[in-house]
Every structure is written in structure tokens, then in C-alpha cells.
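What follows is a single structure, written as C-alpha cells, with notes after it.
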Amino acid sequence: MAEPEVKAESVGTVVVAGAANLAIAVAKLVAGLISGSAAMLSEAAHSLADTTTEVLLYLALRRGARPADTRHPFGYGKESYVWAFLAALFTFVAGAGFAITHGVTTILVHEHSGEYLVAYIVLAVSFVIESVSLARAVRQVRGESRRWGTTPRRYLRLTADTTVKAVFLEDSAALIGLLIAAGGLTLSHLTGDELYDGIASILIGVLLLVVAVVLARSNISLLVGRSVSERLHRRIERELADVPTVDRIDTLMTMFLGPDDILVAAKVDFRDDATGADIEAAADEAERRLTGHFPEIAYVFLDPTRSRSPGRPARTTQDEADRPIDDENP
Numbered sequence: 001m002a003e004p005e006v007k008a009e010s011v012g013t014v015v016v017a018g019a020a021n022l023a024i025a026v027a028k029l030v031a032g033l034i035s036g037s038a039a040m041l042s043e044a045a046h047s048l049a050d051t052t053t054e055v056l057l058y059l060a061l062r063r064g065a066r067p068a069d070t071r072h073p074f075g076y077g078k079e080s081y082v083w084a085f086l087a088a089l090f091t092f093v094a095g096a097g098f099a100i101t102h103g104v105t106t107i108l109v110h111e112h113s114g115e116y117l118v119a120y121i122v123l124a125v126s127f128v129i130e131s132v133s134l135a136r137a138v139r140q141v142r143g144e145s146r147r148w149g150t151t152p153r154r155y156l157r158l159t160a161d162t163t164v165k166a167v168f169l170e171d172s173a174a175l176i177g178l179l180i181a182a183g184g185l186t187l188s189h190l191t192g193d194e195l196y197d198g199i200a201s202i203l204i205g206v207l208l209l210v211v212a213v214v215l216a217r218s219n220i221s222l223l224v225g226r227s228v229s230e231r232l233h234r235r236i237e238r239e240l241a242d243v244p245t246v247d248r249i250d251t252l253m254t255m256f257l258g259p260d261d262i263l264v265a266a267k268v269d270f271r272d273d274a275t276g277a278d279i280e281a282a283a284d285e286a287e288r289r290l291t292g293h294f295p296e297i298a299y300v301f302l303d304p305t306r307s308r309s310p311g312r313p314a315r316t317t318q319d320e321a322d323r324p325i326d327d328e329n330p
């Protein structure tokens, strides 16, 4: 079988994030054991969860890039969402579960042993390393958003490349978690009360829960079969309508088959005087137009349909009132 072709930039982002998280997890664990800080141990669990997540995201990229075969004619793109969903679940169970549980235990036991200095050093070094990893993810997000002609925020919200979204959110959460850990550690150091360290650990767990839920929802939506945004939907519809032989687009449906594969299916009313050869030529031109403007469109299926009866409304797959009019989707 041919080696899967994966998006080099996404693989690089995932590998850099994974290597950074592994190194940071070891350092945090050592610092947590030496300092006795609950927040530091929670941060170690956070980084370990992120490292495992990066491994799963790497699997998502590799497995999802496998070419189509007879049993899977549309390819394996959606398998990437399965692995990305498992990564979100691992963050939820391992990272958030440990952080919240350990934080509650620390508040109840109220004991501390060890030195704080090593924890402060590891937090500072970790912040620098995480910033480097996040910078790479931000660079990729900005580049992709420019390519799609949208804002980075909208790109992150609507992109079908969940590996990039996962790395960006996890690195952002890691930096916020480090600040929370530093705050809780400092307050406990100054007051001698472990309550603040325990609260910081719980807050880190809640932060991980939020990230896990956001990523899980995004992957579930894509697994079920998410369509493109209304903006891209309208652009595809215009391209089809501009084909000379086409009279009207009766129904247009789209679906993401993977991070870089979109399926387009439409019921098209061709002109009454169009011959079979005209319709075949129009279908070829429609596919050339769509794939030329949108390289991510992998499949185009057009179904010739008869003219609508007077007074009969056009068919649609979704209430227009329910579609956000300003969505921009890669």
C-alpha cells in the first residue's frame, strides 16, 4: 500500500508540540515531587495528557491520509476525527480528572512538604517552551486563514483540520495553566496555606475540561457529517449556476469527508433544450470550475432533475433562517 500523504505543516506542528510536552511533563513531575505542590503535579498530568494527545493526533494524520480503496471509496479522512475524538477523551479523563481530584485532596489534607524554588524554575522554563510550540501553531493558523480569506478566529472555529485546532487550544490552555499554577504556588508560598495550591489544581482541571469538550464537540460534528459554511455553500452554488447549460440549482448538499476533502452533490435543472452531450459537457465543466477554485473539493456529483412546477418551493437541506449568514469556512 502506498505511504499516506499527510500535510507536512500539520505533522510538524504536532511533532513539535508532542516533543515539547514530553520534556515539560518530566520536568513538572520532578518539580512537583520535590516541591510537594498539587498544582505542579496537576500541570505534570496536564503535559502528560497533552503528550498522549499529540501521539493520537499524529495517528489521526497518518491514518486519515490513507488513499481510498474498494471498501472505503471516499478514503479514510473521517478516521482522523475518530483519533482526534479519542485524544479529547483522554484529555478529559486523564488530565482533568487527575487535576481536579488531586486539587480536592490537597485542600482536604492541607499538607505541604518540599522546596518551592525548583517549581518556580520549571514553570518559567515550561512557559518559554510552550510559547515556542504555540508560536508554530499560530503561524500555521494565520497562514491557513489567509489562504481561505478569513480571520484566524473564524478559521479555528470552523476548520475541519482538528489537529491544528487541538494543538492551538492545548498550547493556549497550557500557558494559561502555567500562570494559574504559578499564582496558586506563590499564594501558598506567601501565606503557608495549601488552599490556594489546591484551588489552582482544580482550576487547571476545569480548564482541561473546557478544552476537551470543545474538541470533542467539533470532532463529533465532523464524524456525523458536517456541511461547509453558508458562505462557501453560496460560492459553490454560484459556480454551478454560472455553467451555461444550467438553468437552476434545485438542491445543493456538501459534506466534509476529511480535513482536506469535501463532497459536493447537487440536483441540477438543465436547460430544456440541452442534449445529453450538453449535460455531460456541463457536468465536466462544473467539476473543473469547482476543483479549480476549491482544491479541497474531492468529489462532485450532479443529478439532472426536471423543472420545478410553478409555485413549488425549491428544496433545501436546512432552513435558511438557521444558517449563519457571515460564516466563513475553510
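As numbered in the UniProt record's numbering, the sequence shown has no gaps in its residue numbers, which increase by one up to the final residue, 330. Just so it is clear, CB atoms sit at the ideal spot from N, CA and C, and this is done for glycine as well.
**Message:** Please tell me whether V246 and F270 are closer than 8 Å, where the distance is taken between their beta carbons.
**Reply:** The count along the sequence shown starts at 1 and reaches residue 246 at position 246. The count along the sequence shown starts at 1 and reaches residue 270 at position 270. Yes, Cβ-Cβ distance for V246 and F270 is below 8 Å.
**Message:** Please tell me whether L202 and V132 are closer than 8 Å, where the distance is taken between their beta carbons.
**Reply:** Locating residue 202 in the sequence shown gives position 202, where the first residue counts as 1. Locating residue 132 in the sequence shown gives position 132, where the first residue counts as 1. It should be pointed out that residue 202 corresponds to Ile in this sequence rather than to Leu. Not a contact, by the Cβ cut-off of 8 Å.
**Request:** Could you have a look at T251 and say whether DSSP puts it in helix, strand or coil?
**Result:** Residue numbering aside, residue 251 sits at position 251 when the sequence shown is read from its first letter. Three-state result, T251: strand.
**Prompt:** Could you check where the beta strand (DSSP E) with A266 kicks off and where it finishes?
**Reply:** In the sequence shown, counting from the first residue as 1, residue 266 sits at position 266. Element bounds for A266: 261 to 270.
**Among G184, S188, T101, Y116, nearest to L209 - alpha-carbon criterion** = The residue labelled residue 209 in the question sits at position 209 within the sequence shown. Looking at the Cα atoms, T101 is the closest of the given residues.
**Message:** Taking the alpha carbon of S229 as the reference point, which residue from F85, R66, I262 has its own alpha carbon closest?
**Reply:** Here residue 229 refers to the residue found at position 229 when the sequence shown is read from its first residue. Answer by Cα proximity: I262.
**Request:** Tell me whether G143 is buried or exposed, calling it buried when 16 or more other Cβ atoms sit within 10 Å of its Cβ.
**Result:** Translated into the one-based positions of the sequence shown, residue 143 becomes position 143. Classification of G143: exposed, given that the 10 Å Cβ count is below 16.
**Item:** Helix, strand or coil at V15 [DSSP, three-state]
**Value:** In the sequence shown, the residue the question calls residue 15 occupies position 15. DSSP places V15 in helix when its eight states are reduced to three.
**Request:** Indicate whether S218 and T162 have their beta-carbon atoms separated by less than 8 Å.
**Result:** Sequence index remark: in the sequence shown, residue 218 carries index 218 (1-based). Sequence index remark: in the sequence shown, residue 162 carries index 162 (1-based). Yes, they are a contact pair.
**Which listed residue (S35, D197, L134, T191) has its alpha carbon closest to that of F168** = Within the sequence shown, numbered from 1, the residue matching residue 168 stands at position 168. Residue L134 is the option with its Cα nearest to F168.
**Request:** Take I279 as the anchor and find which of V243, A68, W148 has the nearest alpha-carbon.
**Result:** The residue labelled residue 279 in the question sits at position 279 within the sequence shown. Checked all of V243, A68, W148; the closest Cα to I279 is V243.
**Nonlocal neighbours in the same chain, by C-beta distance under 8 Å from I129, ignoring five residues either side** = Translated into positions along the sequence shown, residue 129 becomes position 129. For I129, where only same-chain residues beyond five positions count, the Cβ hits under 8 Å are A20, A23, I24.
**Request:** Would you grab the beta carbon distance between A96 and D197 for me? Rounded to a whole angstrom, and I think it's under 8 Å.
**Result:** The count along the sequence shown starts at 1 and reaches residue 96 at position 96. The count along the sequence shown starts at 1 and reaches residue 197 at position 197. Between D197 and A96 the Cβ distance is about 17 Å, and since that is not below 8 Å, they are no contact.
**Nearest to L207 (by Cα), restricted to the options L187, E194, D171** = Sequence index remark: in the sequence shown, residue 207 carries index 207 (1-based). It is D171 whose Cα lies nearest to the Cα of L207.
**Message:** Is it buried or exposed, R14, if we count other Cβ atoms within 10 angstroms and call 16 or more buried?
**Reply:** Here the question's residue 14 lines up with position 14 in the sequence shown. Before going on, a small fix: residue 14 reads as Val here, not Arg. In summary, V14 is buried, with 16 or more beta-carbon neighbours lying within 10 Å of its beta-carbon over all protein chains present.
**Prompt:** Near L222, what residues of its chain come up, given a Cβ to Cβ distance below 8 Å and the 5 sequence neighbours on each side ignored?
**Reply:** By one-based count along the sequence shown, residue 222 stands at place 222. Within the same chain, K78, Y81, A160, T162, F256 come within 8 Å of L222 by CB-CB distance, once the 5 residues on both sides are set aside.
**Extent of the continuous alpha helix (DSSP H) to which P152 belongs** = The residue given as residue 152 occupies position 152 in the sequence shown. Counting along the chain, the alpha helix (DSSP H) containing P152 begins and ends at 152 to 158.
**Prompt:** Helix, strand or coil: which one does DSSP assign to residue 344?
**Reply:** There is simply no residue 344 to check, as the chain begins at 1 and stops at 330 in what is shown.
**For G258: DSSP bridge partner residues** = Numbered from its first residue, the sequence shown carries residue 258 at position 258. DSSP lists D261 as partners of G258.
**Item:** 7 Å CB neighbourhood of R63 in its chain, flanking five on each side removed
**Value:** In the sequence shown, the residue the question calls residue 63 occupies position 63. Hits under 7 Å: Y76, E79, S80, W83.
**Message:** For D303, list the residues DSSP reports as bridge partners.
**Reply:** Position 303 of the sequence shown, counted from the start, is the residue given in the question as residue 303. K267.
**Request:** Determine, using beta carbons only, whether L290 and A266 come nearer to each other than 8 Å.
**Result:** Walking along the sequence shown from the start, residue 290 turns up at place 290. Walking along the sequence shown from the start, residue 266 turns up at place 266. Taking 8 Å as the Cβ cut-off, L290 and A266 do not qualify as a contacting pair.
**Message:** Given a cut-off of 8 Å on the beta-carbon distance, is the pair V93 and S35 in contact?
**Reply:** By 1-based counting over the sequence shown, the position of residue 93 is 93. By 1-based counting over the sequence shown, the position of residue 35 is 35. Not in contact: V93 and S35 (Cβ atoms no closer than 8 Å).
**Message:** Measuring only the C-alpha atoms, how far is V30 from V11?
**Reply:** Here residue 30 corresponds to residue number 30 of the sequence shown, with the count starting at 1. Here residue 11 corresponds to residue number 11 of the sequence shown, with the count starting at 1. Taking the straight line from one Cα to the other gives about 29 Å.
**Message:** Looking only at its chain, what residues have a beta carbon closer than 8 Å to the beta carbon of I176, apart from the 5 residues adjacent to it on each side?
**Reply:** Taking the first residue of the sequence shown as position 1, residue 176 is located at position 176. Closer than 8 Å at the Cβ level, and outside the excluded window around I176, lie L207.
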